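Asker: Attaching a single structure in structure tokens format; questions to follow.
2 protein chains.
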Amino acid sequence: MDWQASVGLLGTGLKYLAVTMFVPLFVAVVYMEDIWVFALSIVFVTTLGFALERIDTDPDIGPREALVFVSLAWLTAAVVGTIPYLLAGFGTSSTLADPVNALFESMSGFTTTGATVMGQISLEQHSHALLIWRQLTQWLGGMGIIVLMIAILPEVAVNGAQLMASEAPGPELQKLTPKIAETARVLWLIYFAFTLMYIAVMYGLHLAGFAPNMDLYNAVAHGFTTLPTGGFSPQAESIAYFSAAVQWAAIPFLVVAGVNFALFWHVLKGEVDVMLENTEFRAYAGAIAVTTAVLSLLLVRGAAPPLDIGGVTGGVTENTFRQAAFQIASLLNSTGYATSDFAQWGTHAQVFLLFVMFIGGSAGSTGGGVKVVRWLVVFKAIRRELYTTANPDVVEPVRLSGSVVDEDAVRGIASFTLLYILLFGFSAVFISLDTARIGIELTTLEAVSASLATIGNIGPGFGRLGPFGNYLFFSDASKMLMIFLMWVGRLEIVPVLAVFISVFDRNQ
Amino acid sequence: MDWQASVGLLGTGLKYLAVTMFVPLFVAVVYMEDIWVFALSIVFVTTLGFALERIDTDPDIGPREALVFVSLAWLTAAVVGTIPYLLAGFGTSSTLADPVNALFESMSGFTTTGATVMGQISLEQHSHALLIWRQLTQWLGGMGIIVLMIAILPEVAVNGAQLMASEAPGPELQKLTPKIAETARVLWLIYFAFTLMYIAVMYGLHLAGFAPNMDLYNAVAHGFTTLPTGGFSPQAESIAYFSAAVQWAAIPFLVVAGVNFALFWHVLKGEVDVMLENTEFRAYAGAIAVTTAVLSLLLVRGAAPPLDIGGVTGGVTENTFRQAAFQIASLLNSTGYATSDFAQWGTHAQVFLLFVMFIGGSAGSTGGGVKVVRWLVVFKAIRRELYTTANPDVVEPVRLSGSVVDEDAVRGIASFTLLYILLFGFSAVFISLDTARIGIELTTLEAVSASLATIGNIGPGFGRLGPFGNYLFFSDASKMLMIFLMWVGRLEIVPVLAVFISVFDRNQ
Ligand SMILES: [K+]
Ligand SMILES: [K+]
Chain A
700 MDWQASVGLL
710 GTGLKYLAVT
720 MFVPLFVAVV
730 YMEDIWVFAL
740 SIVFVTTLGF
750 ALERIDTDPD
760 IGPREALVFV
770 SLAWLTAAVV
780 GTIPYLLAGF
790 GTSSTLADPV
800 NALFESMSGF
810 TTTGATVMGQ
820 ISLEQHSHAL
830 LIWRQLTQWL
840 GGMGIIVLMI
850 AILPEVAVNG
860 AQLMASEAPG
870 PELQKLTPKI
880 AETARVLWLI
890 YFAFTLMYIA
900 VMYGLHLAGF
910 APNMDLYNAV
920 AHGFTTLPTG
930 GFSPQAESIA
940 YFSAAVQWAA
950 IPFLVVAGVN
960 FALFWHVLKG
970 EVDVMLENTE
980 FRAYAGAIAV
990 TTAVLSLLLV
1000 RGAAPPLDIG
1010 GVTGGVTENT
1020 FRQAAFQIAS
1030 LLNSTGYATS
1040 DFAQWGTHAQ
1050 VFLLFVMFIG
1060 GSAGSTGGGV
1070 KVVRWLVVFK
1080 AIRRELYTTA
1090 NPDVVEPVRL
1100 SGSVVDEDAV
1110 RGIASFTLLY
1120 ILLFGFSAVF
1130 ISLDTARIGI
1140 ELTTLEAVSA
1150 SLATIGNIGP
1160 GFGRLGPFGN
1170 YLFFSDASKM
1180 LMIFLMWVGR
1190 LEIVPVLAVF
1200 ISVFDRNQ
Chain B
700 MDWQASVGLL
710 GTGLKYLAVT
720 MFVPLFVAVV
730 YMEDIWVFAL
740 SIVFVTTLGF
750 ALERIDTDPD
760 IGPREALVFV
770 SLAWLTAAVV
780 GTIPYLLAGF
790 GTSSTLADPV
800 NALFESMSGF
810 TTTGATVMGQ
820 ISLEQHSHAL
830 LIWRQLTQWL
840 GGMGIIVLMI
850 AILPEVAVNG
860 AQLMASEAPG
870 PELQKLTPKI
880 AETARVLWLI
890 YFAFTLMYIA
900 VMYGLHLAGF
910 APNMDLYNAV
920 AHGFTTLPTG
930 GFSPQAESIA
940 YFSAAVQWAA
950 IPFLVVAGVN
960 FALFWHVLKG
970 EVDVMLENTE
980 FRAYAGAIAV
990 TTAVLSLLLV
1000 RGAAPPLDIG
1010 GVTGGVTENT
1020 FRQAAFQIAS
1030 LLNSTGYATS
1040 DFAQWGTHAQ
1050 VFLLFVMFIG
1060 GSAGSTGGGV
1070 KVVRWLVVFK
1080 AIRRELYTTA
1090 NPDVVEPVRL
1100 SGSVVDEDAV
1110 RGIASFTLLY
1120 ILLFGFSAVF
1130 ISLDTARIGI
1140 ELTTLEAVSA
1150 SLATIGNIGP
1160 GFGRLGPFGN
1170 YLFFSDASKM
1180 LMIFLMWVGR
1190 LEIVPVLAVF
1200 ISVFDRNQ
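Keeping their order, the protein sequence lines are chains A and B.
Read left to right, the first sequence gives residues 700 to 1207 (our numbering).
Read left to right, the second sequence gives residues 700 to 1207 (our numbering).
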């Protein structure tokens, strides 16, 4: 295991991260805010980057080193990303002046989770620069995830036998181009294009008079957190702060963010049928359609009371269907934006949303969670097990879109899904007990959603950690656990834990 | 598929079931209660048994027929078991006069679940005979499970290749004796002996003056529901109706009911080390010890308020530890007796109990749930997956007690566990939505525990379906779903669903 190679590569990554900090620096200049927070951050991160790079100037990255690099990359970004929060918060009443809170917020950003420990989200209390940095961390995180999912993990798998079978995005992904760099470039372009399109649509609505609150700052800020299924907003009211037109216009982008980005490359080449015939895409679209219909029915039947945030739902009204469609598009693929305070809906509607949050995005998207393709393989594997029990002489492979799924991949996916569920369950129990320890009794829905919203990189939960609540009241122990969950959840769990196992074994 | 053979064998089973009805008939005579309920039931069931037996007088049972027989056996017993409830309830205000309720109660009995829809559990409202029948159904159900788990399923697996790999009690069970009948006889003797021992201890405490309420009727009644991890009680207050001495004395029997009965056979032969070195036994005992310690700590720290049923806990008192030890011994292996109204404990303590309820008994015991050996295999399989991700060249089997677990068994266990969790989750959501439909908003804990307590054959849940509540208020749709969950849960899910798949395929 060549740790130095991994760390050397991290140094290079940090230099790029420092460059991105010119965005909030630029915003600070535009709004005539304090520029020292980001100027100092840039100096510090750049210096650290050069120093780490020196450890191995010509890193040789094998499968194990890739695992370590991937695991450390998000951890390092999260740690370094706290610097602006700590500097800006120093000497103020900002909750982000606390190191654990800053790390929580930073990890929540880079993992595109969107759970927050900010006491007050407001452009009065925080600078435009700091809040755009918070948004930017999610856009950077999403960018990293795309290249990780589609370019890095499958490539490493080729070198290292079945190394990545379990956490590769899905068994049916074909490589788009022969080279990692080329693949990454194409996918980033798609990601970039959708982001620009989102900003253009939103700001266009503003200029056309349909979205009074959606100024350029807000259009960019939300452009940074939509395609990465991030969900952070500089507005305390999230997307409820904006007009119905904005909410409807956002829904297609939310849906797109959960689609395998490789499919858009096929669409661009005119191969629309590749997308339409993709099993996972159809399942994802079908899941959104069915769950939106069910939630609409629940809301039509009066599942939600009249709300300050979310308005009056019930009966066949525009708002009823908008709230249903928006919340499903946002929660199913782990984005976490809200246009209604769904934490105040009837419990059965919240239980239904919790169920929806288990689904996740598509493989090769920025969406978190178990992901649609894994559920498909799990269902098919269970069906196969039942069939062979009744027909013991039959040997049947699991198929997806007509092709046979490798048995190692089936095994890896079953292991991943069980590991996800177990980590989720144990963490929910821990959070419940630990929070009772500090004198706060969580409801079951709160405890369960705290665990699921962090390991699934979703963001909001229910009750006090609902879309307009926050995670501030948790103990440091629970916050550290949730930081861990966001981290491993974003990296498909297996790579990080495999590194732990390696380190552990080495010490034996 | 020879359906007639399965049905013919069912007829024979019904004749034996009719014979067991002489027990409540005898009780009716002793207490000078109405004898017609059971006299008529005996006539009816016997007639039905002879009629079905005629369909195939010399049934030839292959692997598929065994699957169908097993699936139909519990269903038929549950349906036939409603007859006394319906006859006794006819023309009265008994909730069991309703056919769905009667089927719920009967299925809950034969599957050793212990969930109840009796509006009022009381010897004033119901006869001694009827309540002893309710207890007896659990004892018969437990008897059936033992022989199914240890004798039938593995034998069928030998005939039908890997047919039963997924639902066989565990990969390491060695057959005790060469013949099914002999194995069954030995295990029934152990079951019978423990039952008698329980009755003797309880009635002994009564005679010695330590258990005023534990008369012979109660001793026998609870003897019928302890070893099968049943949990039904003719007393509305369950075991809280009895003295502390009874509660302490019951705990070892509760623990024993979750142990693989085959291990006791080794103990009887003087091979105590076989039990002590058994991985599952150690894990089961360890899980009880650790969770009892955690729950004790929670109760010592004041997790429960002073209760009418359960008394005052908190601090280091006898009652604190008794309540912790009893509830863990009862809930971990799916028995479901209660000595405290734990539905009124702090939510975090209830969440912890919910977690404990996921563990289940040992394979080859009467305990329900996922079962300890499956969790062990799942943990080891996940660990293996992580290890081979970091070390792609290593091929490593899953081992249990030193021997290699067959990969088909690992696959089957992973499928079972995922299927269990998925059925549990979908059902919890359905129950939540369906109950809101009839105007009752369940808490998340209630919805989740309704699903878990039925598929895991546990019995009590939390909130309104806590140990001193009941399932009466649910809609017929939810009750039917729960009847289904108790049924498939008790039969290890796979055999029943495999039959469904077979029938479905035949129609294609
Ligand atoms: K998110
Ligand atoms: K039970």
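Think of the CB as a built atom: it goes at the ideal place given N, C-alpha and C, for glycine as much as any other residue.
If you're wondering where the values come from, they're calculated on a predicted model, not measured in any experiment.
Would you tell me roughly how many angstroms separate the C-alpha atoms of residue 900/A and residue 925/A, rounded to the nearest one?
Answerer: Here residue 900/A refers to the residue found at position 201 when the first sequence is read from its first residue. Here residue 925/A refers to the residue found at position 226 when the first sequence is read from its first residue. If you take the alpha carbons of residue 900/A and residue 925/A, they lie about 13 Å apart.
Asker: Where residue 1123/A and residue 760/B are concerned, what is the direct C-alpha to C-alpha distance, given to the nearest angstrom?
Answerer: If you number the first sequence from 1, residue 1123/A lands on position 424. If you number the second sequence from 1, residue 760/B lands on position 61. Between residue 1123/A and residue 760/B, the C-alpha separation is close to 43 Å.
Asker: State buried or exposed for residue 859/B, treating a residue as buried only when at least 16 other CB atoms are found within 10 Å of its CB.
Answerer: Counting from one through the second sequence, the residue named residue 859/B turns up at place 160. Note on residue 859/B: pLDDT 30, under 50, position unreliable in the model; the coordinate value appears next. So residue 859/B ends up on the buried side.
Asker: Go through its chain and collect everything with a Cβ distance to residue 1013/B's Cβ below 6 Å, but skip five positions before and after it.
Answerer: Translated into the one-based positions of the second sequence, residue 1013/B becomes position 314. Counting only Cβ-Cβ distances below 6 Å, and skipping sequence neighbours, we find 1001.
Asker: Name the DSSP beta bridge partners of residue 1103/B, please?
Answerer: Here residue 1103/B corresponds to residue number 404 of the second sequence, with the count starting at 1. 1098/B, per the DSSP bridge assignment.
Asker: Residues bridged to residue 1010/B by DSSP?
Answerer: Position 311 of the second sequence, counted from the first residue, corresponds to residue 1010/B. According to DSSP, residue 1010/B bridges with 1006/B.
Asker: Do residue 978/A and residue 839/A come within 7 Å of each other at the CB atom, strictly closer than that value?
Answerer: For the purposes of this step, residue 839/A is taken as residue 140 along the first sequence, with counting starting at 1. For the purposes of this step, residue 978/A is taken as residue 279 along the first sequence, with counting starting at 1. Taking 7 Å as the Cβ cut-off, residue 839/A and residue 978/A do not qualify as a contacting pair.
Asker: What is the DSSP secondary structure of residue 824/A, counted as helix, strand or coil?
Answerer: As a first step, residue 824/A is located in the first sequence; it is residue number 125 there, counting from the start. Of the three classes helix, strand and coil, the one that applies to residue 824/A here is coil, per DSSP.
Asker: Between residue 726/A and the rest of its own chain, which residues show a CB-CB distance below 7 Å, the 5 nearest in sequence each way excluded?
Answerer: For the purposes of this step, residue 726/A is taken as the residue at position 27 of the first sequence. Once the five neighbours on either side are set aside, the close Cβ partners of residue 726/A are 827, 828, 831.
Asker: Using a Cβ-Cβ distance cut-off of 7 Å, determine whether residue 1103/B contacts chain A.
Answerer: Within the second sequence, numbered from 1, the residue matching residue 1103/B stands at position 404. For residue 1103/B, the answer is no, since every Cβ of chain A falls outside 7 Å of its Cβ.
Asker: List in chain order the residues whose CB is within less than 7 Å of at least one heavy atom of ligand 1.
Answerer: In chain order, the qualifying residues are 811/A, 812/A, 813/A, 928/A, 929/A, 930/A, 1033/A, 1034/A, 1035/A, 1067/A, 1156/A, 1157/A, 1158/A.
Asker: Less than 6 Å between C-beta atoms, sequence neighbours within five positions excluded: which residues of the same chain meet that for residue 1157/B?
Answerer: Translated into the one-based positions of the second sequence, residue 1157/B becomes position 458. Here the set comprises 1033, 1035, 1056.
Asker: Going by the beta-carbon positions, is the gap between residue 1022/A and residue 1161/A smaller than 7 Å?
Answerer: Indexing the first sequence from 1 puts residue 1022/A at position 323. Indexing the first sequence from 1 puts residue 1161/A at position 462. No. Outside cutoff.
Asker: On the three-state DSSP scale, how would you describe residue 1015/B?
Answerer: Locating residue 1015/B in the second sequence gives position 316, counting from the first residue. In this structure, residue 1015/B counts as coil in the three-state DSSP scheme.
Asker: With DSSP run on the structure shown, which of helix, strand or coil describes residue 1124/A?
Answerer: Along the first sequence, one-based indexing puts residue 1124/A at 425. Helix.
Asker: Can you find the residues in the same chain that come closer than 6 Å, C-beta to C-beta, to residue 918/B, ignoring five residues on each side of it along the sequence?
Answerer: To locate residue 918/B, count along the second sequence from 1; it is residue 219. These residues qualify, in order along the chain: 898, 901, 902.
Asker: In chain A, which residues lie less than 7 Å from residue 1200/B when you measure between Cβ atoms?
Answerer: By 1-based counting over the second sequence, the position of residue 1200/B is 501. Within chain A, the residues near residue 1200/B are 1085, 1086, 1089.
Asker: Is residue 1144/B close to chain A, meaning its C-beta is less than 7 Å from at least one C-beta of that chain?
Answerer: As a first step, residue 1144/B is located in the second sequence; it is residue number 445 there, counting from the start. It does: the Cβ of residue 1144/B has a partner Cβ on chain A nearer than 7 Å.
Asker: For residue 864/B, which residues from the same chain have a beta carbon less than 6 Å from its beta carbon, with the 5 sequence-adjacent residues on both sides left out?
Answerer: Your numbering for residue 864/B matches position 165 in the second sequence. Low per-residue confidence applies at residue 864/B: pLDDT is 33, beneath 50, and the placement is therefore not dependable, though the value from the model is reported in the following sentence. Once the five neighbours on either side are set aside, the close Cβ partners of residue 864/B are 1107, 1108, 1111.
Asker: For residue 1141/B, name the three-state secondary structure that DSSP assigns.
Answerer: By one-based count along the second sequence, residue 1141/B stands at place 442. Correct three-state label for residue 1141/B: coil.
Asker: Since residue 787/B and residue 809/B should fall inside the 8 Å C-beta cutoff, what is the C-beta to C-beta distance between them, to a whole number of angstroms?
Answerer: Locating residue 787/B in the second sequence gives position 88, counting from the first residue. Locating residue 809/B in the second sequence gives position 110, counting from the first residue. Rounded, the Cβ-Cβ distance is 17 Å, inconsistent with contact.
Asker: Taking Cβ positions, are residue 1113/B and residue 1200/A nearer each other than 7 Å?
Answerer: Here residue 1113/B refers to the residue found at position 414 of the second sequence. Here residue 1200/A refers to the residue found at position 501 of the first sequence. Residue 1113/B is not a Cβ neighbour of residue 1200/A, given a cutoff of 7 Å.
Asker: Is residue 847/B helix, strand or coil by DSSP?
Answerer: For this step, residue 847/B is matched to residue 148 along the second sequence. Taken through DSSP and simplified to helix, strand or coil, residue 847/B comes out as helix.
Asker: Which same chain residues, not among the five before or five after residue 1076/B, have their C-beta less than 7 Å away from its C-beta?
Answerer: Numbered from 1 along the second sequence, position 377 holds the residue referred to as residue 1076/B. Closer than 7 Å at the Cβ level, and outside the excluded window around residue 1076/B, lie 1097, 1099, 1104, 1109, 1112.
Asker: Quick check on the DSSP output: what are the complete alpha helix (DSSP H) runs of length 4 or more inside the region 708-754 of chain A, in order along the chain?
Answerer: 721-729, 735-754
Asker: Can a CB atom of chain B be found closer than 7 Å to the CB of residue 905/A?
Answerer: Translated into the one-based positions of the first sequence, residue 905/A becomes position 206. No, residue 905/A lies away from the interface with chain B (no Cβ there is under 7 Å from its Cβ).
Asker: Leaving aside the five residues before and after residue 873/B along the sequence, list all residues of the same chain whose C-beta is less than 7 Å from its C-beta, in chain order.
Answerer: Looking up residue 873/B in the second sequence gives position 174. Because the pLDDT of residue 873/B is 44, which lies under 50, any placement of that residue in the model is unreliable, and the number read from its coordinates should be weighed accordingly. In the same chain as residue 873/B, and ignoring 5 residues on each side of it, no C-beta atom comes closer than 7 Å to its own.
Asker: Taking 7 Å as the threshold (beta carbon to beta carbon), is residue 1054/A in contact with chain B?
Answerer: For the purposes of this step, residue 1054/A is taken as the residue at position 355 of the first sequence. Yes, because at least one Cβ of chain B sits closer than 7 Å to the Cβ of residue 1054/A.
Asker: Considering only their Cβ atoms, is the gap separating residue 1126/A from residue 1052/A smaller than 7 Å?
Answerer: What you label residue 1052/A is simply residue 353 of the first sequence in a count that begins at 1. What you label residue 1126/A is simply residue 427 of the first sequence in a count that begins at 1. No, the Cβ-Cβ distance between residue 1052/A and residue 1126/A is not below 7 Å.
Asker: Would you kindly report the start and end of the unbroken alpha helix (DSSP H) that includes residue 1178/B?
Answerer: Taking the second sequence and counting its residues from 1, one reaches residue 1178/B at position 479. Counting along the chain, the alpha helix (DSSP H) containing residue 1178/B begins and ends at 1175-1189.
Asker: Note down, in chain order, each residue of its chain lying with its Cβ closer than 8 Å to the Cβ of residue 747/B, except the 5 sequence neighbours on either side.
Answerer: Locating residue 747/B in the second sequence gives position 48, counting from the first residue. Result list for residue 747/B: 710, 713, 779, in chain order.
Asker: Taking Cβ positions only, does residue 1046/A come closer than 7 Å to chain B?
Answerer: Within the first sequence, the letter at position 347 stands for residue 1046/A. Yes - at least one Cβ of chain B is within 7 Å of the one on residue 1046/A.
Asker: Can you look up residue 1133/A in the DSSP assignment and give me helix, strand or coil?
Answerer: Locating residue 1133/A in the first sequence gives position 434, where the first residue counts as 1. If DSSP states are grouped into helix, strand and coil, residue 1133/A belongs with the helices.
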